[in-house]
Amino acid sequence: MDIRIQQLPFEPAALHGLSDKLLRSHHQNNYGGAVKRLNAIRAQLAALEFATAPGFQLNGLKREELIATNSMLLHELYFGSLGGDGQSMVPAMTLALEANFGSVERWRSEFVAMGKAQGGGSGWVLLTFQPREGTLVNQWAADHTHALAGGVPILALDMYEHSYHMDFGAAAGSYVDAFMANIDWAQVYERYQLAVHGASAGRPLETKGAAS
Amino acid sequence: MESRRNFVQGAALVGGAALLAAGAANAQTGAKSRYVDKLTDDAGRYFAAPLPFAFDALEPAIDAKTVELHYTLHHKPAVVAANNAEAALAKARDSGDFALVKHYEKELAFQLSSHLLHSIYWANLGGKGGEPTGDLAKAMSTEFGSFAKLKAHLAAATTAVEASGWGILGYHPLTKKLMVLQCENHQKLTAWGVVPLLVLDVFEHAYYLKYQNRRGEYVGNLFNIINWDSVAERFDAARA
Chain A
1 MDIRIQQLPF EPAALHGLSD KLLRSHHQNN YGGAVKRLNA IRAQLAALEF
51 ATAPGFQLNG LKREELIATN SMLLHELYFG SLGGDGQSMV PAMTLALEAN
101 FGSVERWRSE FVAMGKAQGG GSGWVLLTFQ PREGTLVNQW AADHTHALAG
151 GVPILALDMY EHSYHMDFGA AAGSYVDAFM ANIDWAQVYE RYQLAVHGAS
201 AGRPLETKGA AS
Chain B
213 MESRRNFVQG AALVGGAALL AAGAANAQTG AKSRYVDKLT DDAGRYFAAP
263 LPFAFDALEP AIDAKTVELH YTLHHKPAVV AANNAEAALA KARDSGDFAL
313 VKHYEKELAF QLSSHLLHSI YWANLGGKGG EPTGDLAKAM STEFGSFAKL
363 KAHLAAATTA VEASGWGILG YHPLTKKLMV LQCENHQKLT AWGVVPLLVL
413 DVFEHAYYLK YQNRRGEYVG NLFNIINWDS VAERFDAARA
C-alpha cells in the first residue's frame, strides 16, 4: 500500500523567522515529492524480476529507494523537530546533553557550526543516539545517504538550500539560527527515550555471545 | 597561436576532476563573446571576473535577485576558498604538518571547480538561445543524431542530477567526442580530460527563488538564454 504524506505537525505561520511560504513549499514539494518518488520506486521494484533484471536497473532502483526513503524519514524528523521555543527542555534532556557534550551550550555550538559549514550545498546535521556506546553524537550527512550504522537520529537540521533559500538567500547562518529558535525539545526528548529503550534489548555481539 | 596559449594558461587540473577551461579570448574570431574566462589575476591568484551582464539581464529565465546572490555569495566566496585552500597546502608543505591535507585537497577540488564552472556558466548565458551553427552543430548531429536529441538528453541528464550539481556538455580531445555528463557537487563524476563547453547549474541556489522544486522548468528555460557563440568558442579552442 502506498505510503501517505504526513501533515505538518504545527501551524506554519506560527513559527519564528521561518515563513509560511517556505515551510509549505518545503513540506509539499521536497518532503511530499520524496514520498511520491518512493511509492513510484516501490511499485517498479514490486514488478521487477530480480533474477533476470539487468544489474544497472536493480542497482539504480535500490539506490533511488535509499535516497527517497532517507529523504522521507529525515524530512519527517525535521518537521517533527520544529514548533517549540528552542529553549525549554526537561531536566533529563539537559542532563543528557551535558553528559555527552559537556554542556548544552557546547552541544549547541558544535551543532550550529556544523550546519553553517554546510551552507551552499545539500546535506543534514543530525543529533543521533549511538547505541553501541549509549551516547548522543552530532552527525554529518551529505545529501540524503549518510547514516550512522545502528544510530537513531532524534533531531534533524536540513541544510539543503531548498530549506532556506526562499527566505534567507545565501545567508545559511541566519537560517540555522532561526531553526534553533524553533526546536521542540519535548519531541526530541521523547524520541531520545524511545531510542534508549529500543537499544536496551542488547548489542548484537553480546546477544550472540550469550546464546552460545 | 595566441588563443591556444591563453587557453592553456586558464586550464585547471584539479584532484578528483580534470576540468579544462576553454573559451579564452579568441583573437582569430574577434572575440564574439564579450566574456573571457579569466580564472586568475596577474599574480596567479584565483579571481572572479566581473559578470558579463547586469543582474537583471537574464530575466525572465533567471530573476535578478538570484543572479545577484549567485554571483556575489556563491561564486565569489568559492574563489576566496580556493585561494585559502592553496595557501593552507603551501603552509603544510613548509611546516611538514600534513594532518589536514585530506581536507584541503577536497576543499581545493570543490572550490576551484566551483570557480571554474561558475565562470563558464556566466559566459554561457545571456544569449538568445536557439540552435548552434557551424562545426558545433555538425558535431552534435554526428555524435547525438541531431541537436534536438542532444538537447533532450542534456536537459534530462541535468534535471536528474542527484542533489547539488551540474549538467555538462563537454568535448573530450583524446577521443574527439562530444559528451554529456552529470556532475555532482562541483567536482565529481567527470571523465578525466573532458573540456566543459556548456554547463548548467542545478544547485538549488541557482533556481529556487523563482522555481522552487520545478528544476525541469528552470532547465528548459535556460535553453532560451544560451549564448551558443560562447559554447562554439570553447569547442574551437578545445580542438585547436
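In the order they appear, the protein sequences are chains A and B.
Numbering follows my numbering, in which position 39 of the first sequence is assigned residue number 39; successive positions increment by one, without gaps.
Remember, my numbering sits 212 above the position in the second sequence when you count from 1.
C-beta: ideal position from N, C-alpha, C; glycine also.
None of these values were measured; they are calculated from a predicted model.
#1: Quick check on this structure: which residue in Lys-318(B), Tyr-420(B), Gln-399(B) has the alpha carbon closest to the alpha carbon of Ser-326(B)?
#2: Residues of the stretch 278-304 of chain B in Cβ contact with chain A at a cutoff of 7 Å, in chain order, please.
#3: Go ahead and label Arg-446(B) buried or exposed: buried means 16 or more other beta carbons lie within 10 angstroms of its beta carbon, across all protein chains shown.
#4: Buried or exposed: which applies to Met-1(A), given that a residue is buried once 16 or more other Cβ atoms fall within 10 Å of its Cβ?
#5: Just to confirm, is the Cβ distance from Phe-213(A) to Ala-186(A) under 8 Å?
#6: Quick check on DSSP: helix, strand or coil for Phe-435(B)?
#7: Please identify the residue among Leu-18(A), Leu-15(A), Gly-60(A) whose C-alpha is closest to the C-alpha of Glu-374(B).
#8: Can His-365(B) and Phe-359(B) be called in contact, C-beta distance under 8 Å?
#9: Under 8 Å between beta-carbons, which chain A residues line up against Asn-425(B)? List them in chain order, please.
#10: Could I get the ranges of all uninterrupted alpha helix (DSSP H) runs contained in the stretch 151-198 of chain A, with 4 residues as the minimum, in chain order?
#11: Using a C-beta cutoff of 8 Å, does Ala-321(B) count as contacting chain A?
#12: Measuring only the C-alpha atoms, how far is Gly-17(A) from Pro-408(B)?
#13: Given 7 Å as the limit, tell me if Thr-387(B) has its C-beta closer than that to any heavy atom belonging to the ligand COA.
#14: Can you check whether the C-beta of Leu-421(B) is within less than 8 Å of a C-beta belonging to chain A?
#15: Distance check for Leu-48(A) and Asn-39(A), CA to CA, integer angstroms please.
#16: Check each candidate in Asp-177(A), Ala-171(A), Thr-135(A) and name the one with the smallest Cα separation from Gly-151(A).
#17: At a Cβ threshold of 8 Å, is Asp-2(A) touching chain B?
#18: Assign Leu-126(A) to one of two classes, buried (16 or more other C-beta atoms within 10 Å of its C-beta) or exposed (fewer than that).
#19: Looking only at its chain, what residues have a beta carbon closer than 6 Å to the beta carbon of Ala-294(B), apart from the 5 residues adjacent to it on each side?
#20: From which residue to which residue does the alpha helix (DSSP H) around Val-112(A) run?
#21: Using the three-state DSSP reduction, which class does Trp-404(B) fall into: helix, strand or coil?
#22: Is the Cβ of Glu-157(B) closer than 8 Å to any Cβ of chain A?
#23: Using a Cβ-Cβ cut-off of less than 7 Å, give me the residues of the stretch 129-156 of chain A that come near chain B, in sequence order.
#24: To the nearest whole angstrom, what separates the beta carbons of Ala-261(B) and Lys-250(B), a pair I think is in contact under 8 Å?
#25: If you follow the alpha helix (DSSP H) that Leu-77(A) is part of, which residue opens it and which one closes it?
#26: Going by DSSP in three states, His-448(B) sits in which element: helix, strand or coil?
#27: Count the other CB atoms, across all protein chains shown, that sit within 10 Å of the CB of Ser-103(A); report buried if there are 16 or more and exposed otherwise.
#28: Shortest alpha-carbon distance to Asp-158(A) belongs to which of Val-35(A), Tyr-189(A), Leu-74(A)?
#29: Give me the subset of the stretch 165-194 of chain A whose CB atoms are less than 9 Å from a CB atom of chain B, sorted by chain position.
#30: The alpha helix (DSSP H) with Ile-332(B) in it runs from where to where?
#31: According to the neighbour-count rule (16 or more other Cβ atoms, all chains shown, within 10 Å of its Cβ), is Arg-451(B) buried or exposed?
#32: What residue from Gln-118(A), Ala-170(A), Ser-163(A) has the CA that sits closest to Asn-397(B)'s CA?
#33: Considering Cα atoms alone, identify which of Leu-45(A), Asn-30(A), Gln-44(A) is closest to Glu-76(A).
#34: From the DSSP output, in three-state form, read off Thr-145(A) for me.
#35: On the DSSP letters alone, give me the boundaries of the alpha helix (DSSP H) that Ile-380(B) sits inside.
#36: At the level of alpha carbons, what is the spacing between Gln-6(A) and Gly-428(B)?
With the given structure in hand:
#1: Of the listed residues, the one whose Cα sits closest to Ser-326(B) is Gln-399(B).
#2: Leu-281, Leu-285, His-286: these are the residues of the stretch 278-304 of chain B whose beta carbon lies less than 7 Å from some beta carbon of chain A, given in chain order.
#3: With at least 16 other beta carbons inside 10 angstroms of its own, Arg-446(B) counts as buried.
#4: With a threshold of 16 other beta carbon atoms within 10 Å, Met-1(A) falls short and is exposed.
#5: The question about residue 213(A) has no answer, for chain A in this structure spans 1 to 212.
#6: If DSSP states are grouped into helix, strand and coil, Phe-435(B) belongs with coil.
#7: Looking at the Cα atoms, Gly-60(A) is the closest of the given residues.
#8: Not a contact, by the Cβ cut-off of 8 Å.
#9: The answer, in chain order, is Ser-25, Asn-29, Asn-30, Gly-33, His-162.
#10: Counting whole runs of 4 or more residues, the stretch 151-198 of chain A contains the alpha helix (DSSP H) stretches 165-168, 172-180.
#11: With 8 Å as the cut-off, Ala-321(B) does not count as an interface residue toward chain A.
#12: Distance between the alpha carbons of Gly-17(A) and Pro-408(B): 40 Å.
#13: With respect to the ligand COA, the structure shown offers nothing to examine, as it has no ligands at all.
#14: Yes, contact with chain A.
#15: Rounded to whole angstroms, Asn-39(A) to Leu-48(A) spans 14 Å at the Cα level.
#16: For the residues Asp-177(A), Ala-171(A), Thr-135(A), the minimum Cα distance to Gly-151(A) belongs to Thr-135(A).
#17: Proximity of Asp-2(A) to chain B, defined by a Cβ-Cβ separation below 8 Å, is not satisfied.
#18: It counts as buried.
#19: Spatial neighbours of Ala-294(B) in its own chain (CB-CB distance under 6 Å, excluding positions within 5 residues in sequence) are listed in chain order as Tyr-258, Gln-323, Leu-324, His-327.
#20: It spans 104-117 - the alpha helix (DSSP H) in which Val-112(A) sits, taken as one unbroken run.
#21: Note: Trp-404(B) maps to coil in three-state DSSP.
#22: Residue 157(B) falls outside the range modelled here, since chain B spans only 213 to 452, and no answer is possible.
#23: For the stretch 129-156 of chain A, which is checked against every Cβ of chain B, the residues closer than 7 Å are Asp-143.
#24: Yes, they are in contact, since the Cβ atoms of Ala-261(B) and Lys-250(B) sit about 5 Å apart, within 8 Å.
#25: Judged by DSSP secondary structure, Leu-77(A) falls within the alpha helix (DSSP H) whose first and last residues are 55-81.
#26: First, the amino acid is wrong: residue 448(B) is Asp here, not His. Helix.
#27: Burial call: exposed.
#28: Closest option to Asp-158(A), Cα to Cα, is Leu-74(A).
#29: The stretch 165-194 of chain A vs chain B, Cβ under 9 Å: His-165, Met-166, Gly-169, Ala-170, Ala-171.
#30: Unbroken alpha helix (DSSP H) run through Ile-332(B): 313-336.
#31: By the 10 Å Cβ count, Arg-451(B) comes out exposed.
#32: Distance from the Cα of Asn-397(B) is smallest, within the candidate group Gln-118(A), Ala-170(A), Ser-163(A), for Gln-118(A).
#33: Per the Cα distances, Asn-30(A).
#34: Here Thr-145(A) carries a coil assignment [DSSP, helix/strand/coil].
#35: It is not in any alpha helix (DSSP H) - Ile-380(B) instead sits in the beta strand (DSSP E) that spans 377-384.
#36: The straight-line gap separating the alpha-carbon atoms of Gln-6(A) and Gly-428(B) is approximately 26 Å.
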